[in-house]
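Heads up, the sequence shown is in our numbering, so the first residue is 6 and it goes up one at a time. C-beta: ideal position from N, C-alpha, C; glycine also. No experiment lies behind these values; they were computed from the predicted model shown. Beneath this line is the structure, given in structure tokens, with notes to follow.
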Amino acid sequence: MDFTKKVLFRTLPYLKKAVKTELSAVALCLIFFFSTPAIGQEKEALHELLEAIEQSAEYDALKTERIRNLKATLRSNTDQSLENLYVLNSELFDEYRIFKQDSAFKYALLSREIAEEMGSTALMAETTLDLANLCVSAGMFREAMEYFEIIDPQEISTELQFVYYSLLGRCYTDMAEYSSIYFFSSRYEEMVEELHQKALTLVPPGSWDHTMLKGYMNYRANELDEALKDLLPLMETTEDLRLRAVTHSVIGDVYTKMGNSDKAIYHLSRASIADIKSSAKENLAIIRLAELLFKEGEVKLASAFIKKAGQDAEDYGAQQRKIRVGAILPLIEEQVVEQVETQRKRLYEQNILLSILLLFVVVLAIITYLQLRRLKRARREILSAHNDLQVKNQQIILVNEEINSKNEQLNSLNNKLLEANKIKEEYIGFFFSQDADIFEKFRDFKIRIQKELKKNNIDGLKYFVNSYDLKGEKEKLLQSFDEAFIKLFPNFIEEFNSLLKEGEQIELKEGQILNKELRIFALIRLGITHNEIIAQILGYSVNSIYAYKTKIRKKSLLNKKDFDQMLLENTLLKH
Numbered sequence: 006m007d008f009t010k011k012v013l014f015r016t017l018p019y020l021k022k023a024v025k026t027e028l029s030a031v032a033l034c035l036i037f038f039f040s041t042p043a044i045g046q047e048k049e050a051l052h053e054l055l056e057a058i059e060q061s062a063e064y065d066a067l068k069t070e071r072i073r074n075l076k077a078t079l080r081s082n083t084d085q086s087l088e089n090l091y092v093l094n095s096e097l098f099d100e101y102r103i104f105k106q107d108s109a110f111k112y113a114l115l116s117r118e119i120a121e122e123m124g125s126t127a128l129m130a131e132t133t134l135d136l137a138n139l140c141v142s143a144g145m146f147r148e149a150m151e152y153f154e155i156i157d158p159q160e161i162s163t164e165l166q167f168v169y170y171s172l173l174g175r176c177y178t179d180m181a182e183y184s185s186i187y188f189f190s191s192r193y194e195e196m197v198e199e200l201h202q203k204a205l206t207l208v209p210p211g212s213w214d215h216t217m218l219k220g221y222m223n224y225r226a227n228e229l230d231e232a233l234k235d236l237l238p239l240m241e242t243t244e245d246l247r248l249r250a251v252t253h254s255v256i257g258d259v260y261t262k263m264g265n266s267d268k269a270i271y272h273l274s275r276a277s278i279a280d281i282k283s284s285a286k287e288n289l290a291i292i293r294l295a296e297l298l299f300k301e302g303e304v305k306l307a308s309a310f311i312k313k314a315g316q317d318a319e320d321y322g323a324q325q326r327k328i329r330v331g332a333i334l335p336l337i338e339e340q341v342v343e344q345v346e347t348q349r350k351r352l353y354e355q356n357i358l359l360s361i362l363l364l365f366v367v368v369l370a371i372i373t374y375l376q377l378r379r380l381k382r383a384r385r386e387i388l389s390a391h392n393d394l395q396v397k398n399q400q401i402i403l404v405n406e407e408i409n410s411k412n413e414q415l416n417s418l419n420n421k422l423l424e425a426n427k428i429k430e431e432y433i434g435f436f437f438s439q440d441a442d443i444f445e446k447f448r449d450f451k452i453r454i455q456k457e458l459k460k461n462n463i464d465g466l467k468y469f470v471n472s473y474d475l476k477g478e479k480e481k482l483l484q485s486f487d488e489a490f491i492k493l494f495p496n497f498i499e500e501f502n503s504l505l506k507e508g509e510q511i512e513l514k515e516g517q518i519l520n521k522e523l524r525i526f527a528l529i530r531l532g533i534t535h536n537e538i539i540a541q542i543l544g545y546s547v548n549s550i551y552a553y554k555t556k557i558r559k560k561s562l563l564n565k566k567d568f569d570q571m572l573l574e575n576t577l578l579k580h
């Protein structure tokens, strides 16, 4: 550890002392601390402090391990130079200084003896101040004064002068705090002010030491707002646990004096957490926190923290801390006992009430049991009736299903009848119109023949007969059939092609309405399924009809039976 940090660590503990003040009466709302999630910084800090107390043994184990390693290094050190021995003993003192007082005193004495052998006035002054620091921490003010008298502040460095005046100011601060005679305490307070002013001039403005001391002096002078302006920025200037502990502790004292209990509890909690994590057994923040929480009525938390403070004081060997803990611990324990008695009385009353409620519940259970038996009988009767009703409903459902099936069959027959009627109406009209046209043509043909016979013009008669185009008349008849069919089934071609494979659809030539294949299946759609009749109507052979039908069915996605059925279902009449 470098010299600046050693000076700083040995000086700062005095800043954690404060004069007696009246604590704030502002209530701290921690009633549901153990049963509800923490809300607010102070509750979060208290929760973290409880966790740190549970883990304090782990932090102490790390401290003990560091000390064990240093001792092992000291024992195994082959370099017996005084400088090396001084460094090792000084490091052991630094580890013990806030951890165990008697061990720290031992290594401070050893360090002083080595400094004397070395003949170093600066190191002798430094170790003497270390011994004075320990005596102040132990409340041994007379012994501390003896060490201060050994040192002439004019013969030491500026850095050690700052330590000297700071420690001496801390000593008089404690003497004023513990003095019950105003004559002496007022004189001590005056000396503290004078020593602080001297110390303040020995460090450069803006440094951590200067800012901390200035803030502490403003706190003692009741310039609380000014103190906070100095102290609050220091929380962000270092990650060192000891420095943060001191900073939070002093800020907590300032807020306590201002009457802001919430912020005081928060900062004292943060200081206590830093003390525990650094294994600082010589601490004051957790005692002040327990006192504040006790005054706020948080007895359980106060009891947990004051017990931790008492254990730390016992481990460190700080008599004045034991006295302070002993002063408040009985009061806290008394409140705990009163709360236990109050809870016990409340539990007794609750037991009586629960017994009455239990009797009521038993009576209610008997009544409920009797009612349940009645309900079970009623339920069985209802279940029987329900089963009978289900049988009836099932029978009704079967009848309804049968009726629905018949209705569907009737609807299908009706649709087929309607379709057949529409086809008959359309084709009856088509038949009469074609018949009339044929009759007129036949009548004209007969008249022409009679005229030629009267003229006895056999050659003209032959010419007329030979010139008559029967094939053209047949084509006109088929054209008329196509038009009549498409009028009935306007989407027949698209619907027919949807039954064929991709790329096998029928494409009509320009001017065509239906081709040979489509006419065959158009007749099938009209209900004419016999190949002989289809052949007579279209003037094809039966084999041709069969060949055309087979060709189309091979192009289909369906088999023969399904194709004919889907043709009937998929081609719809015009509505």
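Element boundaries [alpha helix (DSSP H), containing residue i]
i      : result
Gly174 : Thr163 to Tyr183
Asn223 : Trp213 to Arg225
Tyr271 : Ser266 to Lys282
Gly257 : Leu246 to Met263
Tyr551 : Val547 to Lys559
Arg102 : Taken as a continuous stretch (DSSP letters only), Arg102 belongs to no alpha helix (DSSP H), as it is neither H nor E.
Met196 : Tyr187 to Leu205
Ser315 : Looking at the sequence provided, one finds Gly at residue 315 rather than Ser. Note, Gly315: alpha helix (DSSP H), Val304 to Tyr321.
Lys521 : Lys521 to Arg530
Asn138 : Thr126 to Ser142
Phe299 : Ala290 to Lys300
Asn461 : Unbroken run through Asn461: none, as it is neither H nor E.
Ser61  : Ser61 to Arg80
Phe146 : Phe146 to Ile155
Ala585 : Given that the chain is displayed from residue 6 to residue 580, the structure contains no residue 585 and the question cannot be resolved.
Lys234 : Leu229 to Leu236
Option nearest residue i by Cα separation, candidates the options
i      : options                           : result
Leu248 : Gln85, Leu218 and Val330          : Leu218
Asn585 : Arg530, Arg524 and Tyr551         : Nothing can be reported for residue 585, as the shown portion of the chain is limited to 6 through 580.
Tyr271 : Glu287, Lys286, Ser284 and Thr252 : Thr252
Leu294 : Lys282, Ala314 and Ser283         : Ala314
Glu121 : Phe110, Leu93, Ala109 and Leu87   : Leu87
Lys268 : Leu237, Gly211, Met129 and Arg80  : Leu237
Phe490 : Glu413, Leu577 and Thr243         : Leu577
Gly211 : Asp235, Ser503 and Glu194         : Asp235
Asp245 : Asp65, Ser283 and Leu543          : Ser283
Leu523 : Gly477, Ile511, Ala540 and Arg192 : Ile511
Leu483 : Phe497, Lys521 and Glu49          : Lys521
Ile498 : Glu287, Val547, Gln517 and Ser485 : Gln517
Gln166 : Glu131, Glu118, Cys176 and Leu364 : Glu131
Ala226 : Lys411, Asp258, Leu513 and Asn94  : Asp258
Leu90  : Leu128, Ser61 and Ile58           : Leu128
Ala109 : Asp320, Ala290, Phe310 and Glu59  : Asp320
Residue i classed as buried or exposed, judged by whether at least 16 other C-beta atoms fall within 10 angstroms
i      : result
Cys34  : Note that Cys34 scores 35 on pLDDT, short of 50, meaning its location in the model is unreliable; the coordinates nonetheless yield the value given after this. Classification of Cys34: exposed, given that the 10 Å Cβ count is below 16.
Ser308 : buried
Val208 : buried
Val367 : exposed
Arg530 : buried
Asn462 : exposed
Ala370 : exposed
Phe37  : In this predicted model, Phe37 has a pLDDT of only 35, less than 50, meaning its place in the structure is not dependable enough to derive any value.
Ile387 : exposed
Asn416 : exposed
Asn398 : exposed
Asp99  : buried
Val255 : buried
Lys138 : The sequence given here places Asn at residue 138; Lys does not occur at that position. Asn138 comes out buried.
Asn94  : buried
Lys48  : buried
Leu359 : exposed
Opposing strand residues paired with residue i [DSSP bridges]
i      : result
Leu505 : Ser561
Checklist entry - Is the stretch 198-213 touching the stretch 153-173 in the sense that three or more CB pairs, one from each, lie closer than 8 Å? => result yes
Checklist entry - Is the number of C-beta pairs between the stretch 172-191 and the stretch 145-153 that are closer than 8 Å three or more? => result yes
Next on the checklist: Tell me whether the stretch 277-286 and the stretch 52-61 touch, counting them as touching only if at least three CB pairs, one residue from each stretch, are closer than 8 Å.
Outcome noted: yes
Checklist entry - How about the stretch 295-306 and the stretch 66-78: do they share at least three Cβ pairs that are nearer than 8 Å? => result The answer is no - the stretch 66-78 does not touch the stretch 295-306, with fewer than three Cβ pairs under 8 Å.
Checklist entry - Are the stretch 188-196 and the stretch 155-167 touching by the rule of at least three beta carbon pairs closer than 8 Å? => result no
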